[in-house]
Structures are given as structure tokens and as C-alpha cells.
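Visitor: Let me give you the structure first, and then I'll get to my questions.
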């Protein structure tokens, strides 16, 4: 039973996350030849203040004028 875990920044809509679940599931079904009900997808959302790029949090980068 495949388990796919994705860590993403907060801010996506529920509709976007649902589309992600469906898309990832389909790729796993096509690639591993398993049934959709065997695929598990977990999204972990991280606040922008907890995600840094180049040593600067995304929240701080977004706040710059």
C-alpha cells in the first residue's frame, strides 16, 4: 500500500489539495499498477514563518516592499 507524503507551504485552497490528491493517486496507480483505494496521500502544511529559503523565512521575504 503506497504512502505518498508531501510537505508544502500553507496557502493552497482545499480544491487545490483535492486536485493534488487525485493527481498523485493517478500517477501512483499508473506507475505501480495498484488500485486507487490502495494509495495513501498525506499533505503536511508548513507555515511560511517556518519555511526558509537562503536563510530567510518566506514570511519575511513576502513582507519586504
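Residue numbers (full-length UniProt numbering): 1 to 65. Where a beta carbon is used, it is the ideal one built from N, C-alpha and C, also for glycine.
Give a yes or no on contact between the region 31 to 41 and the region 53 to 62, applying the rule of three or more CB pairs nearer than 8 Å.
Guide: Contact between the region 31 to 41 and the region 53 to 62 is absent, because fewer than three Cβ pairs lie under 8 Å.
Visitor: Pick out whichever of 38, 63, 61 and 59 has its Cα sitting closest to the Cα of residue 22.
Guide: As a first step, residue 22 must be located in the chain shown, where it is residue number 22. The shortest Cα separation from residue 22 among 38, 63, 61 and 59 belongs to 38.
Visitor: Counting along the chain, where does the alpha helix (DSSP H) carrying residue 42 start and finish?
Guide: Along the chain shown, one-based indexing puts residue 42 at 42. No alpha helix (DSSP H) contains residue 42, which is instead part of the beta strand (DSSP E) from 40 to 46.
Visitor: With DSSP collapsed to three states, give me the class of residue 34.
Guide: Taking the first residue of the chain shown as 1, we reach residue 34 at position 34. Reduced to three states, the DSSP call for residue 34 is coil.
Visitor: Can you tell me which of the three DSSP states residue 57 falls into?
Guide: For the purposes of this step, residue 57 is taken as the residue at position 57 of the chain shown. Residue 57: strand per DSSP, three-state reduction.
Visitor: Between the Cα of residue 9 and the Cα atoms of 59, 25 and 24, which residue gives the shortest distance?
Guide: As a working note, residue 9 is residue 9 in the chain shown. Residue 9 has its Cα closest to that of 59, out of 59, 25 and 24.
Visitor: Give me the Cα-Cα distance between residue 45 and residue 19, rounded to the nearest whole angstrom.
Guide: On the chain shown, residue 45 is found 45 positions in, with the first residue counted as 1. On the chain shown, residue 19 is found 19 positions in, with the first residue counted as 1. Cα to Cα, the separation comes out at about 16 Å.
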